[in-house]
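Heads up, the sequence shown is in the UniProt record's numbering, so the first residue is 1 and it goes up one at a time. Following: one structure in structure tokens, then a few remarks.
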Amino acid sequence: MFDSLSQRLSKIVKTMRGQARLTEENTRDMLREVRMALLEADVALPVVREVLARIKEKAMGEEVVGNLNPGQALVGVVQRELTAVIGGDLTEEERSLNLRVQPPAVILLAGLQGAGKTTSAGKLAKYLVETMKKKVLTVSADVYRPAAIDQLKTVTEQAGADWFPSTPNEKPLDIAAGAIDHARRRFYDVLIVDTAGRLAIDEAMMREVAELNTFLKPAETLFVIDAMLGQDAVNTAKAFHERLPLTGIILTKTDGDSRGGAALSVRHVTGKPIKFVGSGEKLTGFDAFDPEAMASRILGMGDIVGLVKDVTKSINIAEAEKLATKLKAGDRFDLNDFRAQLAQMGAMDNFSSILEKLPAQFQEMAGKVNDKEVQKQVRRTMGIIDSMTPLERRKPELIKASRKKRIALGAGVPVQEVNRLLKQFEQTQEMMKRMKKGGLSRMMRALGG
Ligand code: GDP
Numbered sequence: 001m002f003d004s005l006s007q008r009l010s011k012i013v014k015t016m017r018g019q020a021r022l023t024e025e026n027t028r029d030m031l032r033e034v035r036m037a038l039l040e041a042d043v044a045l046p047v048v049r050e051v052l053a054r055i056k057e058k059a060m061g062e063e064v065v066g067n068l069n070p071g072q073a074l075v076g077v078v079q080r081e082l083t084a085v086i087g088g089d090l091t092e093e094e095r096s097l098n099l100r101v102q103p104p105a106v107i108l109l110a111g112l113q114g115a116g117k118t119t120s121a122g123k124l125a126k127y128l129v130e131t132m133k134k135k136v137l138t139v140s141a142d143v144y145r146p147a148a149i150d151q152l153k154t155v156t157e158q159a160g161a162d163w164f165p166s167t168p169n170e171k172p173l174d175i176a177a178g179a180i181d182h183a184r185r186r187f188y189d190v191l192i193v194d195t196a197g198r199l200a201i202d203e204a205m206m207r208e209v210a211e212l213n214t215f216l217k218p219a220e221t222l223f224v225i226d227a228m229l230g231q232d233a234v235n236t237a238k239a240f241h242e243r244l245p246l247t248g249i250i251l252t253k254t255d256g257d258s259r260g261g262a263a264l265s266v267r268h269v270t271g272k273p274i275k276f277v278g279s280g281e282k283l284t285g286f287d288a289f290d291p292e293a294m295a296s297r298i299l300g301m302g303d304i305v306g307l308v309k310d311v312t313k314s315i316n317i318a319e320a321e322k323l324a325t326k327l328k329a330g331d332r333f334d335l336n337d338f339r340a341q342l343a344q345m346g347a348m349d350n351f352s353s354i355l356e357k358l359p360a361q362f363q364e365m366a367g368k369v370n371d372k373e374v375q376k377q378v379r380r381t382m383g384i385i386d387s388m389t390p391l392e393r394r395k396p397e398l399i400k401a402s403r404k405k406r407i408a409l410g411a412g413v414p415v416q417e418v419n420r421l422l423k424q425f426e427q428t429q430e431m432m433k434r435m436k437k438g439g440l441s442r443m444m445r446a447l448g449g
């Protein structure tokens with residue numbers, strides 16, 4: 001996501017890097033580039049103006065003029081202002097869910113059909129159940145699509161929450177009344193209400209969701225919007241904002257290759273905070289919105305925060321700690337450890353999403369990586385290690401020509417693959433040594449170039 005914007009800004013940064021001093025001319029050039037980049041990313045014009053005005057004011061300020069590295073300082077300004085505009089200027093409380101009401105706290109989800117409301121209802125339910133330890137009930141007021149009601153039931157079950165039945169024969173307001181009554185009597189903390197969406201905004205639909213909102217008096221009325229929408233996002237957001245007292249935004253499909261303008265525009269048009277971002281169809285793809293990480297990513301610096309989160313979600317912490325303890329004790333990283341690492345990688349199903357969060361030069365790779373292929377390759381490599389004797393695994397330097405031949409035969413692969421594996425192992429061993437010395441931050445810097 002946000003590719004063209006990040007690439008464009010990276011280019012500006014490179015140009016600025018070579019220049020020792022900030023002049024009126026190069027500042028003007030820089031601002032023009034930023035403007036083009038934002039417009040190309042489908043950011044609405046009023047938002048572009050605001051961001052530029054803020055950047056200009058700060059860029060002319062002391063923090064950039066007189067700085068030894070004006071390019072770097074300017075990037076800092078662009079990043080900070082971008083962060084502020086997409087929500088960095090809000091407090092943690094303003095950005096988090098408001099559940100400080102008499103339970104059940106109602107969360108109403110509104111948006112166009114296909115925006116990802118039902119999926120988000122499931123993701124939100126999982127988040128509330130697992131992270132916030134809440135007792136959650138969901139209900140669908142989408143009486144136009146029976147399939148939508150079933151879909152909510154499925155995701156609710158996956159989320160470990162409860163589902164309140166509804167049918168297409170009922171009126172949305174009656175469904176809402178039944179659900180809230182049930183939620184009260186059974187002491188639910190939260191009731192998530194999924195609503196109908198149409199392909200285009202129409203008056204009847206707006207009236208219906210507005211009536212639901214008046215009746216339910218939700219603690220949160222969240223506008224669900226697809227990050228892939230371009231300029232249309234602005235009009236859609238405006239229409240919903242005018243009819244509903246929105247309290248926040250869920251930005252979905254951030255895994256797609258959108259140009260990112262929607263995120264900036266929607267926040268500006270509605271004045272409401274983006275509270276969550278969804279990525280992928282699985283219920284685990286749901287995170288609190290992090291404006292700083294998002295701004296870094298827009299700037300092409302890679303979403304390091306998101307990356308670390310993804311990696312920690314995927315790896316087996318116990319295994320990683322075991323390895324860290326072993327290395328600290330001065331033991332060598334051997335092929336057994338390498339195999340354990342491979343096993344973890346094989347268990348990951350989000351390898352491409354991890355690559356996507358790395359700096360720009362890796363993001364291109366993400367599109368080419370096929371998670372299934374990675375897993376297949378990992379299994380093949382593990383097969384080679386399994387054909388080695390315990391001694392060979394502990395002392396890989398013993399593996400010379402004749403042993404290589406035997407291992408290759410055992411694993412059913414050409415000898416070259418054994419060579420390649422040993423080379424990979426040596427590189428990893430080398431990286432482990434460096435990590436032990438410099439820690440994660442140094443490795444990240446090495447990756448960033
Ligand atoms: P609704 O009509 O607003 O309820 O939208 P749905 O929740 O049914 O989602 C529409 C389609 O988008 C479905 O195929 C979902 O699987 C898909 N979808 C929803 N959220 C995401 C997301 O974050 N990433 C991706 N890639 N697909 C999503």
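Yeah, the Cβ is synthetic: ideal placement off N, Cα and C, and Gly gets one too.
query	result
Let me know the secondary structure DSSP gives E50 once reduced to three states.	helix
Any idea what DSSP makes of F187, helix, strand or coil?	coil
Could you tell me the boundaries of the alpha helix (DSSP H) in which I149 lies?	146 to 159
Determine the direct distance from the alpha carbon of D255 to that of F286, and round the result to whole angstroms.	11 Å
When the Cα of R95 is compared with those of E40, D29, R243, P291, which residue comes out closest?	P291
With H, G and I counted as helix, E and B as strand and the rest as coil, what does DSSP make of I201?	coil
Thinking C-alpha only, which one of F338, F425, Y188 is nearest P103?	Y188
With burial defined as no fewer than 16 other Cβ atoms inside 10 Å of the residue's Cβ, what is the status of G409: buried or exposed?	In the sequence on display, residue 409 carries Leu and not Gly. The residue is exposed, with fewer than 16 neighbouring Cβ atoms inside 10 Å.
Under the rule that 16 or more other beta-carbon atoms within 10 Å means buried, what is G302, buried or exposed?	Model confidence at G302 stands at a pLDDT of 48, short of 50, so the residue's coordinates are unreliable; what they give is reported in the following sentence. Buried, by the Cβ-count rule.
Let me know if T167 comes out buried or exposed under the rule of 16 or more other beta-carbons within 10 Å of its beta-carbon.	exposed
Three-state secondary structure (DSSP) at E220?	strand
Give a single yes or no on whether E281 has its beta carbon closer than 6 Å to a heavy atom of the ligand FMN.	Absence of the ligand FMN from the depicted structure is noted, with the ligand GDP being the only ligands included.
On the CB-based measure, 16 or more other CB atoms within 10 Å of its CB, does T389 come out buried or exposed?	exposed
Is M431 buried or exposed, if buried means 16 or more other CB atoms sit within 10 Å of its CB?	exposed
What do you reckon, are the CB atoms on A110 and T214 nearer than 7 Å?	no
Look at the Cβ atom of D226, then the Cβ atom of A115, and state whether they are nearer than 7 Å.	yes
Pairing CB atoms from the stretch 330 to 340 with CB atoms from the stretch 369 to 379, are three or more of them under 8 Å?	no
Measure the alpha-carbon distance for F240 versus Q427 and round it to whole angstroms.	54 Å
Any idea what DSSP makes of G248, helix, strand or coil?	strand
Which of the three DSSP states, helix, strand or coil, is assigned to V101?	coil
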